[in-house]
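Each residue of the sequence shown is one higher than the one before, counting from 1 in full-length UniProt numbering. No residue lacks a Cβ here, since even glycine has one placed at the ideal position from N, Cα and C. This one's a predicted model, so the numbers in the text were calculated from it and none came from an experiment.
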Amino acid sequence: MTQQLRLSDGRVLDYKISGAQDGFPLLWIHGTPGAYTVFSDLEGMCREKGVKLITMSRAGYGSSTRQRGRCIVDVVPDLKQLTEHLNIKRCFVAGWSGGGPHALACAAGLPGCVATLVIAGVGPWNVEDLDFLNGQGEDNVNEFNAALQGEDAIRQFCEGERPGMIKGDASDLVAAMSSILPDVDKKALLENDTLGQFLVDNIREGLKINSDGWIDDDLAFIQPWGFDLNEIKVPVLLYQGSEDKMVPFAHGEWLAKHIPSEFCKAHLLQGQGHISIVLGQLEAMLDGLLQYR
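In structure tokens, the structure reads:
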């Protein structure tokens, strides 16, 4: 059942609790676009391994109130209020795709965060040793070029894409995202019904009202994150696939190089994509986190 938390500034945050109700808490931060809905394989595995899964819709997604002009680090005070509301003293944080930088922000600044998991996480814009757009599919390149032109241009892009993103099934999603899905990801989506349906439902929930969260994410990705990776003082399990066309391999390589080496546990995997990497590695990811419980 979805719940809402009213934050100190008056905004509301959608969240959901699943998995093992008395387990060790894991805050799961969705990608771009996305929402609180849960991948059933993840929920089942969390239940088996004694993990309480807490998902949320970040600002502007679903029924969570927009926070216009937010940057990546702004997720931390929102999640701090959520953990305080739920009386959580220690937790893991995971972020997939666009959720990756937000998970890193929690690794740097969320009280009680003991370890983080970053899956195909976006690297920073405008740093010397990362060509942000190189290796991305055509749709992603067009999207970020629109973001660079400002809010009006990225709104036009997102609103144009939104109708196709919130209708149809997994095969329709594969067709709509064909330029950013390598064959290994297309195969994963079409052959795993639960994963395909999860992504359809996740995007549909996130964009059900408007595109504000998606727009604000894209604008945040091309701005400074608001924290320094050197502030990270907890373990980071970093997973990245070589075939990824949404977040290219170079992003994972850059993060592996720049997250403090004493805390970064990098898994840079050949032959995996943006989506397939979760299917093949999910249990290893959770087991990796659980050693820090």
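Expressed to the nearest angstrom, what Euclidean distance is found between the alpha-carbon atoms of residue i and residue j?
i           : j      : result
Asn145      : Asp201 : 27 Å
Met177      : Ile154 : 17 Å
Thr32       : Ile275 : 13 Å
Val76       : Gly206 : 20 Å
Ile222      : Ile215 : 11 Å
Ser179      : Lys187 : 14 Å
Cys106      : Ser63  : 23 Å
Gln291      : Cys264 : 15 Å
Met285      : Asp152 : 39 Å
Glu283      : Ile166 : 29 Å
Leu26       : Gly288 : 13 Å
Cys113      : His267 : 21 Å
Gln281      : Glu161 : 30 Å
Met45       : Phe39  : 10 Å
Lys245      : Asp185 : 10 Å
residue 351 : Asn87  : With the chain covering only 1 through 293, there is no way to say anything about residue 351.
Ser8        : Gly99  : 23 Å
Trp225      : Leu190 : 34 Å
Asp218      : Ala108 : 21 Å
Gly10       : Arg70  : 15 Å
Ile259      : Glu231 : 9 Å
Phe249      : Gly34  : 22 Å
Under the DSSP definition of a beta bridge, which residues are partnered with residue i?
i      : result
Val51  : Phe24
Gly241 : Leu269
Ala94  : Trp28 and Leu117
Gly19  : Lys52
Val236 : Thr116 and Cys264
Given residue i, which residues of its chain have a CB within under 8 Å of its CB, disregarding the five upstream and five downstream residues?
i      : result
Glu43  : Ser18, Gly19 and Leu53
Asn142 : Phe157
Gln4   : Val12, Leu13, Asp14, Tyr15 and Ser63
Gly271 : Val184, Gly241, Ser242 and Glu243
Asp169 : Gly196, Gln197 and Val200
Measuring alpha carbon to alpha carbon, tell me which of the options ends up nearest residue i.
i      : options                           : result
Leu117 : Gly10, His85, Ile29 and Asp169    : Ile29
Asp172 : Glu159, Val184, Gln149 and Gly196 : Gly196
Trp125 : Glu262, Lys257 and His251         : His251
Glu262 : Gly168, Arg204, Tyr36 and Val234  : Val234
Ile203 : Gln21, Phe24 and Arg58            : Arg58
Asp22  : Lys49, Ile232 and Ala256          : Lys49
Ala220 : Leu229, Gly150 and Gln272         : Gly150
Ser97  : Ile88, Phe227 and Leu199          : Leu199
Glu138 : Gly123, Ala120, Val247 and Trp254 : Val247
Pro182 : Gly135, Thr2, Gly69 and Val51     : Gly135
Under 7 Å Cβ to Cβ from residue i, same chain only, skipping five residues before and after it: list those, please.
i      : result
Leu279 : Ala188, Asn192 and Leu195
Gly60  : Arg66, Gln67, Asp212, Gly213 and Asp216
Thr83  : Cys91 and Gly112
Ala256 : Leu238, Cys264, Ala266 and Leu268
Leu110 : Val76, Leu79, Lys80 and Val93
Which same chain residues end up closer than 6 Å to residue i when comparing Cβ atoms and leaving out the 5 residues on each side of it in sequence?
i      : result
Arg6   : Val12
Trp254 : Gly123 and Leu130
Ala115 : Phe92, Val234, Pro235, Leu289 and Tyr292
TODO: For the region 85-105 and the region 194-211, state whether three or more C-beta atom pairs, one from each stretch, are separated by less than 8 Å.
DONE: no
TODO: Take every Cβ of the region 231-241, pair it with every Cβ of the region 123-131, and state whether three or more of those distances are shorter than 8 Å.
DONE: no
Task: the region 96-111 / the region 66-75 touching (three or more Cβ pairs under 8 Å) - done: yes
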